[in-house]
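Residue numbers (the working numbering), protein chains in the order written: chain A, 902 to 1041; chain B, 502 to 788. Working notes, structure below.
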Amino acid sequence: MAMTIHVDIVSAEGAIHSGQATMVYATAELGEVGIAPRHTAFISRLKPGDVRVENEQGEQEHFYVSGGMLEVQPHVVTVLADTAIRARDLDEAAALDAKRRAEEALAGHTAQFEYAKAQAELAEAIAQLRAIEKLRKMKG
Amino acid sequence: MAGAKEIRTKIASIKSTQKITGAMQMVAASKMRKAQDRMAASKPYSEKMLQVISHLARATPEYRHSFMAVERPHKRVGYIVVSSDRGLCGGLNSNLFRRLVIDIKEKRAAGAEPAFCTIGSKALGFFKRFGGDVKAQVTNLGDKPHIEDLIGPVKVMLDAFEAKELDAIYVASNEFVNTMTQRPMIRQLVPIVGEEQSAMPYHWDYIYEPDARTVLDALLTRYIESLVYQAVVENGACEQASRMVAMKSASDNAGDLIGELQLVYNKARQAAITQEISEIVSGAAAV
Chain A
902 MAMTIHVDIV SAEGAIHSGQ ATMVYATAEL GEVGIAPRHT AFISRLKPGD VRVENEQGEQ
962 EHFYVSGGML EVQPHVVTVL ADTAIRARDL DEAAALDAKR RAEEALAGHT AQFEYAKAQA
1022 ELAEAIAQLR AIEKLRKMKG
Chain B
502 MAGAKEIRTK IASIKSTQKI TGAMQMVAAS KMRKAQDRMA ASKPYSEKML QVISHLARAT
562 PEYRHSFMAV ERPHKRVGYI VVSSDRGLCG GLNSNLFRRL VIDIKEKRAA GAEPAFCTIG
622 SKALGFFKRF GGDVKAQVTN LGDKPHIEDL IGPVKVMLDA FEAKELDAIY VASNEFVNTM
682 TQRPMIRQLV PIVGEEQSAM PYHWDYIYEP DARTVLDALL TRYIESLVYQ AVVENGACEQ
742 ASRMVAMKSA SDNAGDLIGE LQLVYNKARQ AAITQEISEI VSGAAAV
């Protein structure tokens, strides 16, 4: 039996995933990280992007997180997600729509505050799209 | 027969009111169950966060975030008041406001001025009448509150705390004891309480990315947001439970009223019949 590590993905609005994994990948603040079982204690902020959990059967599950925290202890990985919904449930049209809306808001930016908000929205929409593309590639 | 007819329409109107309260009771019962589930679902997140925060606080004793700083004398205190958006839920909101007013009085006597952040339209309406320094507000969260809606108002209060405009922030909301009991509570939010400084059995530390301070800052804000979110969700469950109980007693009262009116109606009808008969008999006797 392969070595495994327990993975919990929780958000403020509820638990999203809990189970064993052989490998966990996430987009950390300073780049993508891969966490294997018995990884040393590690903590980082997460950028918007997807979290991949590889289980014992070698299947990968994708979760989209729009930021959060990643906490690693030798036998437990905890993702404290800001808002995470299952990646395959993501609506590509909605992401495109959000991107378009954000771009429109950027085009006629007036106040500093609105500009920053739209920029953040844009970054998130792009990350969502990227997660969907990855999923497509895997299936196709 | 005029009296009897009036009573009959009255009974009909009470019956239709009873139907409405009965429906509201059932809706509240089903919403309450969902709200309770949401309450349970939000717990693991903040528990995990508290674990990490207390570890970080012990691992990096040289850095104390202002949210964890020692208490300073209270000159201005902030309240985040969580209320429902809709009425017809018994004394839920008014009990909370009463508890709050008592607390404010105590704080004022101790020389601290209050400032408020309201969640839900009932609290906003209360402070419109009551007066008070309302710094932020959010209404119409619906049955499924989202943390995104709360980030803004919470940030307003936390910024005020960091700018030393507030010396402490409290959350006033209802605590869900059980379906029949909801208790108004005022809990301290910042400075963070309940994080124990127990000694570590052996020393270990995280690898931080980018550094401990950034991580701790991000965690603390999220932790506080999640506490407020929990208060909102819990208050939502209280609202539904309280509405369910209020609507049940309203339906029961309507039933009692109908019973009494029915009795009066029967008497009136009987009196009218008796009167008619005696009129006919006396008429026949006269012929």
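Built from N, CA and C at the ideal position, the CB exists for glycine as well.
Only counting runs of 3 or more residues, tell me where the beta strand (DSSP E) segments fall wholly within the stretch 634-692 of chain B, in order along the chain. DSSP runs (the beta strand (DSSP E)) wholly in the stretch 634-692 of chain B: 635-639, 669-677 and 683-691.
DSSP beta-bridge partners for B:Pro545? Here residue 545 of chain B refers to the residue found at position 44 when the second sequence is read from its first residue. The beta-bridge partner set that DSSP reports for B:Pro545 is empty.
Strictly under 9 Å for the Cβ-Cβ distance: is A:Thr1099 near chain B by that measure? Any answer about residue 1099 of chain A is impossible in this case: the structure gives chain A only from 902 up to 1041.
Assess, as a yes-or-no matter, whether the stretch 522-530 of chain B is touched by the stretch 633-653 of chain B under the definition of 3 or more beta carbon pairs within less than 8 Å. Touching, no.
How would you list, in chain order, the residues of chain B whose beta-carbon sits under 9 Å from the beta-carbon of A:Val978? Position 77 of the first sequence, counted from the start, is the residue given in the question as residue 978 of chain A. Chain B residues near A:Val978: none, gap ~11 Å exceeds 9 Å.
Under 9 Å (Cβ pairs) to chain A, residues found in the stretch 716-735 of chain B: The residues in question are Val716, Ala719, Leu720, Arg723, Glu726, Ser727, Tyr730, Gln731 and Val734.
Give, in chain order, every residue of the stretch 944-962 of chain A whose Cβ lies closer than 8 Å to some Cβ of chain B. Within the stretch 944-962 of chain A, the residues whose Cβ lies closer than 8 Å to some Cβ of chain B are Ile944, Ser945 and Arg946, listed in chain order.
Can you find a C-beta in chain B that's less than 9 Å from the C-beta of A:Glu933? Your numbering for residue 933 of chain A matches position 32 in the first sequence. No, no contact with chain B.
Please list the residues of the stretch 526-554 of chain B that have a C-beta atom closer than 8 Å to any C-beta atom in chain A, keeping them in chain order. Contact annotation: in the stretch 526-554 of chain B, residues whose CB is within less than 8 Å of a CB in chain A are Arg539, Ala542, Ser543, Pro545, Tyr546, Ser547, Lys549, Met550 and Val553.
Counting only Cβ pairs nearer than 8 Å, list the residues of chain B close to A:Val925. Along the first sequence, read from residue 1 onward, the residue named residue 925 of chain A stands at position 24. Counting only Cβ-Cβ distances below 8 Å, A:Val925 has no contacts in chain B at all, with the closest Cβ about 15 Å away.
Answer with yes or no whether the minimum CB distance from A:Ala929 to chain E is below 9 Å. This model lacks chain E altogether; the protein chains it does include are A and B.
Starting from B:Tyr564, find everything on chain A with Cβ-Cβ shorter than 9 Å and list it in chain order. Counting from 1 along the second sequence, the entry for residue 564 of chain B is found at position 63. For a Cβ distance threshold of 9 Å, nothing in chain A lies close to B:Tyr564: the least Cβ distance comes to about 14 Å.
In chain order, what residues of the same chain have a beta carbon less than 6 Å from the beta carbon of A:Asn956, not counting five sequence neighbours either side? Start at 1 with the first residue of the first sequence, and residue 956 of chain A comes out as number 55. Excluding positions up to five away in sequence, the list reads Ala922.
Classification of B:Gln552 by the beta-carbon crowding that lies within 10 angstroms, buried from 16 upward: The residue you call residue 552 of chain B lines up with position 51 of the second sequence. Exposed, since its Cβ has fewer than 16 Cβ neighbours within 10 Å.
Enclosing beta strand (DSSP E) for A:Val925 [first to last residue]: Within the first sequence, numbered from 1, the residue matching residue 925 of chain A stands at position 24. Residues Met924 to Ala929.
Among A:Val911, A:Met904 and A:Glu1034, the one whose alpha carbon lies nearest that of A:Gly959: Indexing the first sequence from 1 puts residue 959 of chain A at position 58. Minimum Cα distance to A:Gly959 is reached at A:Met904.
Between A:Pro949 and B:Val734, what straight-line distance do the alpha-carbon atoms span, to the nearest angstrom? Position 48 of the first sequence, counted from the start, is the residue given in the question as residue 949 of chain A. Position 233 of the second sequence, counted from the start, is the residue given in the question as residue 734 of chain B. Taking the straight line from one Cα to the other gives about 26 Å.
Kindly indicate which residue of B:Glu676, B:Asp644, B:Asp538 and B:Ala719 has the alpha-carbon position closest to the one of B:Asn596. Along the second sequence, one-based indexing puts residue 596 of chain B at 95. The residue with the shortest Cα to Cα distance from B:Asn596 is B:Glu676.
Going by the CB atoms, is the gap between B:Met550 and B:Leu720 shorter than 9 Å? The sequence position of residue 720 of chain B within the second sequence is 219, counting from 1. The sequence position of residue 550 of chain B within the second sequence is 49, counting from 1. Yes, the pair counts as a contact, with Cβ atoms nearer than the cut-off.
Which runs of the beta strand (DSSP E) at least 3 residues long sit entirely within the stretch 698-754 of chain B? Give them in chain order. You should have 708-710.
Grouping DSSP H, G and I as helix and E and B as strand, with all else coil, what is B:Tyr564? Position 63 of the second sequence, counted from the start, is the residue given in the question as residue 564 of chain B. Coil.
Taking 8 Å as the limit between beta carbons, can you name the residues of its chain near A:Ala929, skipping five residues before and five after? Mapped onto the first sequence, residue 929 of chain A falls at position 28. If the five residues before and after A:Ala929 are omitted, its C-beta is found closer than 8 Å to the C-beta atoms of Ser945, Arg946, Leu947, Lys948 and Leu971, all from its own chain and listed in chain order.
Identify the contact partners of A:Leu1036 in chain B, using a Cβ-Cβ distance below 9 Å as the criterion. Translated into the one-based positions of the first sequence, residue 1036 of chain A becomes position 135. Under the 9 Å cutoff, chain B gives no residues; its nearest Cβ is about 24 Å from A:Leu1036.
Measuring alpha carbon to alpha carbon, tell me which residue in A:Gln974, A:Gly969 and A:Val973 is nearest A:Gly981. Sequence index remark: in the first sequence, residue 981 of chain A carries index 80 (1-based). The residue you asked about is not Gly; residue 981 of chain A is Leu in the sequence shown. Nearest C-alpha to A:Leu981: A:Gly969.
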